[in-house]
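**Q** Using our numbering, the first residue of the sequence shown is number 138, and each one after it goes up by one. Positions of the beta carbon are idealized from the N, C-alpha and C atoms, including for glycine. Bear in mind that the values here come from a model prediction, so they are computed numbers and not experimental data.
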Amino acid sequence: MRSAFLISYFLLCISLHAQQWNWAASAGGGGNVDFCHDIATDSQGNAYWVGTVSGDVDFGCATLSTGNSDILGFVAKRAPDGTCLWVRGITVGFDEVWVFGIAIDADDRIYVSGRYNGTADFGDGITLNGLGIDDIFLARYDTAGTCLWARRAGSSGSDDESRGLAVSASGDVFVAATCGGTSMVFDAITIPNPGNFRQLVVARYDSLGAVQWVKASTGNGQGKSARSISVAGDRLFVTGQVGFSAASFDGTGITPGAQGSYLYVLATDLDGNAQWARSYGTGDNEGMGISADTLGNVFVAGRLSGNLHLPDDTLTSVSSNDDMLMMKLDRDGDLQWARSAGSAQRDLAWDVTADGMGNAYFSAQFNNTIEYFGTSVTSLGGEDILISKLDGDGDVVWVARPSGFQRDIPLCIHRHAFVPHEIYFGGYFWGAITYGSTTIDDVQNGDAMIVAGVDTTFDVSSYAEAICQGDCNGVAHVFANGVEPLTYLWNTGATTPAVAGLCAGAYTVEVTDGGGNSEVHAVEIMEHEPMMFNIQTDGDSLWVEGGSDWTWELDGFQVGAGQPYH
């Protein structure tokens, strides 16, 4: 008993030090479909949450009523301190609207996506007719909550939906969806689907709602999902599941065959050209969330049941129920690590958000007591929320159970890009439940919720790329998290988080946060290995000795390949 008490107390101390939950809000109308599916923030730190509700629902500054709709979609905005600013509903007559995704670009253009059945009314005179059973929608709002436009996509004979939504630095909008039917229509672009099988689809729109391109998978079977999409630099990353069939995308194979359900990760460029695909089977495995950063990290949250075969290992679930799964790949598709945790009941990781500093925050649900990568965590209310921060090596920075004694599920997690980098998670809960100093209570049958906090853990990491031999153009980046303000002092005398013009060698930087925490961190600039080929010349001819495949470029343009250049 004494050991168990000390472990629980120690975990509680770690959790309280790691983050502070500042406010929480809920919304529900007595149905069992009140969910928060996604969260995003704008440049001013306002938080937007989207999801579904049923009945008469009080959001704090406005009430939405389902009316004739069975299920109502919502988009809601809260100030950084949690004050409700506005709420907008999306309705259909006698049917359902599900809002699954939200993304906000650098200019605070707000996009939401999901599915609807019937004729959808977005307000502000914007409506969409239906094509088939369930159709995809993409809509844009401004920061005042005005719907500016909405677009429809899908087929006439299947259940279609978009669960993944992302924006690029240049303002393009990317939708990850699943569609069936014999043809998939995205405005002026139609993709044939002769076998009438369910396919994963990726589409790009501009900020005015004009579709730029659409690409879909091929392959038999109905067991395909596109659960999440992320953009980093010049790459798109999509994850989901392909079950009991071979599938490909843009000529690149995703899954090898018909045994089991595979978790997959697909990478394309911003024009939809496939770069690589990886899949992991052969149990019942699925990618639920994906988040990439510009450092080349691709983090995946998901679930596994049975076996998940990796290149050099196999993960196996504790029981026949799901276990939570956390993975990291690099931008070239090489698996860096994969870890799982679970109990005899259902445990899974719903979502992940990268912090841009080499770490990632995961949201998961768990039951009973699990061993979470060296830390024992016990649920108090049946299914409980587990929020954790993992570093680039997959090690736990901190893990927290933010609530207790009631059931709560975290469907999404988001980190604000600007200081103080608030963390938000959302989902649904039952009963009276307390996050930090805020207690919320459901109306009946569970309500949607959003919770805001800040990570105050002092943590330092770094990143540096190798340079060519003899060069002195290296750049070292140090990333720090903690209580603001943060200060930096390099052994070169620099006082900025990033230092350029470095030669190969070891460097140190002392980082101090506003709470008095300090760490001296080492960063090494490495040199690339020398090239294993020689360029030979003879008059006006060039050729390569020691290489088997090469190209010649002049002023950035390819002028020859695989043979001497004249």
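(1) Measure how close the beta-carbons of Ala491 and Phe436 come, nearest whole angstrom, since I'm counting them as under 8 Å.
(2) Considering only residues of the same chain and omitting the five flanking positions on each side of Asp84, which have a CB-CB separation below 7 Å?
(3) Name the DSSP bridge partner or partners of Asp592?
(4) Could you give the first and the last residue of the continuous beta strand (DSSP E) run that contains Trp567?
(5) State yes or no: is the C-beta of Thr704 within less than 8 Å of the C-beta of Ser206?
(6) Give the DSSP-derived three-state secondary structure of Asn434 in the structure shown.
(7) Comparing C-alpha positions only, which one of Asp532, Glu298, Tyr644 and Val224 sits nearest to Phe196?
(8) Could you compute how far the alpha carbon of Phe595 sits from the alpha carbon of Pro622?
(9) Taking the alpha-carbon of Ser454 as reference, which of Thr419, Phe334 and Leu432 has the nearest alpha-carbon?
(10) Report the three-state DSSP secondary structure of Gln502 (helix, strand or coil).
(11) As a quick exercise: from Trp413, Asp324 and Val536, pick the residue whose alpha carbon is nearest that of Ala340.
(12) What is the DSSP secondary structure of Ile672, reduced to helix, strand or coil?
(13) Let's test the definition: count the other Cβ atoms within 10 Å of the Cβ of Ser456 and tell me whether it reaches 16, buried, or not, exposed.
(14) Do you know how far the Cα of Gln606 is from the Cα of Ala290?
(15) May I ask you to report which of helix, strand or coil DSSP gives Ser598?
(16) Thinking C-alpha only, which one of Val648, Gln673, Glu647 and Ala641 is nearest Met663?
(17) So Cys549 and Ile176 are in contact, right, with Cβ under 8 Å, and what is the actual spacing, rounded?
(18) Tell me, please, whether the stretch 635-649 touches the stretch 574-594 by the rule of three or more beta-carbon pairs shorter than 8 Å.
(19) In this structure, does DSSP put Ile144 in helix, strand or coil?
(20) Fully enclosed by the stretch 209-258, which beta strand (DSSP E) runs are 3 residues long or longer?
(21) Does the distance from the CB of Leu407 to the CB of Leu373 come in under 8 Å?
(22) Leaving out five residues before and five after Leu148 in sequence, what residues of the same chain have Cβ atoms less than 6 Å from its Cβ?
(23) Tell whether a beta-carbon distance below 8 Å holds between Asp279 and Ile326.
(24) Do the stretch 482-498 and the stretch 420-436 touch if we need at least three Cβ pairs shorter than 8 Å?
(25) Measure the C-alpha to C-alpha separation of Cys173 and Ser191 and round it to an integer number of angstroms.
(26) For Gln606, name the three-state secondary structure that DSSP assigns.
(27) Please name the residue in Gln336, Ser385, Thr649 and Val304 whose C-alpha comes closest to that of Gly370.
(28) Can you list, in chain order, the residues of its chain with a C-beta nearer than 8 Å to that of His665? Leave out the 5 residues immediately preceding and following it.
(29) Report the start-end ranges of each beta strand (DSSP E) in the stretch 303-348 that is 3 residues or longer and not cut off at the edges.
(30) Please classify Val310 as buried or exposed, where buried requires at least 16 neighbouring CB atoms within 10 angstroms.
(31) Please identify the residue among Asp521, Thr319 and Ala404 whose C-alpha is closest to the C-alpha of Phe566.
(32) Could you give the distance in angstroms between the alpha-carbon of Asp469 and the alpha-carbon of Thr674?
(33) From the DSSP secondary-structure annotation, give me the bridge partner or partners of Pro374.
(34) Using a Cβ cut-off of 8 Å (strictly closer), state whether Gly611 contacts chain D.
(35) Identify, in the order they occur along the chain, each residue of the same chain with its Cβ nearer than 6 Å to the Cβ of Ser515, setting aside the five sequence neighbours on each side.
(36) In its own chain, which residues sit with a C-beta less than 8 Å from the C-beta of Asn183, not counting the 5 before and 5 after it?
**A** Working from what's here:
(1) Indexing the sequence shown from 1 puts residue 491 at position 354. Indexing the sequence shown from 1 puts residue 436 at position 299. Yes, they are in contact, since the Cβ atoms of Ala491 and Phe436 sit about 6 Å apart, within 8 Å.
(2) In the structure as shown, the chain begins at 138 and stops at 703. Residue 84 is therefore absent and cannot be evaluated.
(3) Translated into positions along the sequence shown, residue 592 becomes position 455. In the DSSP output, where bridge partners are listed per residue, Asp592 has Gln156.
(4) Stepping through the sequence shown from its first residue, residue 567 is reached at position 430. Segment: none, Trp567 is in no beta strand (DSSP E) and carries neither H nor E.
(5) For residue 704 there is no data in the structure shown, the boundaries of the chain being 138 and 703.
(6) On the sequence shown, position 297 is the one that residue 434 refers to. DSSP places Asn434 in strand when its eight states are reduced to three.
(7) Sequence index remark: in the sequence shown, residue 196 carries index 59 (1-based). Looking at the Cα atoms, Val224 is the closest of the given residues.
(8) Indexing the sequence shown from 1 puts residue 595 at position 458. Indexing the sequence shown from 1 puts residue 622 at position 485. For Phe595 and Pro622, the distance between alpha carbons rounds to 12 Å.
(9) In the sequence shown, residue 454 corresponds to position 317, counting from 1. Of the listed residues, the one whose Cα sits closest to Ser454 is Thr419.
(10) By one-based count along the sequence shown, residue 502 stands at place 365. Three-state result, Gln502: strand.
(11) The residue you call residue 340 lines up with position 203 of the sequence shown. Selected option, being the one with the closest Cα: Asp324.
(12) Taking the first residue of the sequence shown as position 1, residue 672 is located at position 535. Note: Ile672 maps to strand in three-state DSSP.
(13) Numbered from 1 along the sequence shown, position 319 holds the residue referred to as residue 456. Per the 10 Å Cβ criterion, exposed.
(14) Locating residue 290 in the sequence shown gives position 153, counting from the first residue. Locating residue 606 in the sequence shown gives position 469, counting from the first residue. Distance between the alpha carbons of Ala290 and Gln606 is about 52 Å.
(15) Locating residue 598 in the sequence shown gives position 461, where the first residue counts as 1. In the structure shown, Ser598 sits in a strand (DSSP, three-state: E or B).
(16) Position 526 of the sequence shown, counted from the start, is the residue given in the question as residue 663. The shortest C-alpha separation from Met663 is found at Ala641.
(17) Translated into the one-based positions of the sequence shown, residue 549 becomes position 412. Translated into the one-based positions of the sequence shown, residue 176 becomes position 39. Correct: roughly 6 Å between the Cβ atoms.
(18) Cβ pair count under 8 Å is below three, so no.
(19) In the sequence shown, residue 144 corresponds to position 7, counting from 1. At Ile144, the pLDDT of 30 sits below 50, so the modelled position is not reliable; the number obtained from the coordinates is stated separately. Here Ile144 sits in helix by DSSP.
(20) 209-215, 221-229, 234-241 and 247-253
(21) As a position in the sequence shown, residue 407 is number 270, starting the count at 1. As a position in the sequence shown, residue 373 is number 236, starting the count at 1. Going by C-beta atoms, Leu407 is nearer than 8 Å to Leu373.
(22) Looking up residue 148 in the sequence shown gives position 11. A caution first: Leu148 carries a pLDDT of 35, below 50, which makes its placement in the model unreliable, though a value can still be read off. There are no such residues.
(23) The residue given as residue 279 occupies position 142 in the sequence shown. The residue given as residue 326 occupies position 189 in the sequence shown. Their beta carbons are not under 8 Å apart, which means Asp279 does not touch Ile326 by this criterion.
(24) yes
(25) Stepping through the sequence shown from its first residue, residue 173 is reached at position 36. Stepping through the sequence shown from its first residue, residue 191 is reached at position 54. Their backbone Cα atoms lie some 13 Å apart in a straight line.
(26) Residue mapping note: residue 606 aligns to position 469 of the sequence shown, counting from 1. Coil, per DSSP.
(27) Taking the first residue of the sequence shown as 1, we reach residue 370 at position 233. Minimum Cα distance to Gly370 is reached at Val304.
(28) The residue given as residue 665 occupies position 528 in the sequence shown. The beta carbon of His665 is closer than 8 Å to those of Ala603, Ile604, Cys605 and Gln606 in its chain, skipping five residues each way along the sequence.
(29) 310-316, 320-323, 326-329 and 336-342
(30) Within the sequence shown, the letter at position 173 stands for residue 310. It is buried - the Cβ of Val310 has at least 16 other Cβ atoms within 10 Å.
(31) Translated into the one-based positions of the sequence shown, residue 566 becomes position 429. Considering only alpha carbons, the answer is Asp521.
(32) One-based indexing of the sequence shown puts residue 469 at position 332. One-based indexing of the sequence shown puts residue 674 at position 537. Going by the C-alpha atoms only, they are around 34 Å apart.
(33) Residue numbering aside, residue 374 sits at position 237 when the sequence shown is read from its first letter. The sequence given here places Phe at residue 374; Pro does not occur at that position. According to DSSP, Phe374 bridges with Ser367 and Ala404.
(34) Chain labels in this structure do not include chain D; a single protein chain is all it has.
(35) To locate residue 515, count along the sequence shown from 1; it is residue 378. The amino acid occupying residue 515 in the given sequence is Thr; Ser does not appear at that position. These residues qualify, in order along the chain: Thr506.
(36) Working through the sequence shown from its first residue, we reach residue 183 at position 46. Closer than 8 Å at the Cβ level, and outside the excluded window around Asn183, lie Lys214, Arg215, Ala216, Pro217, Leu222 and Thr280.
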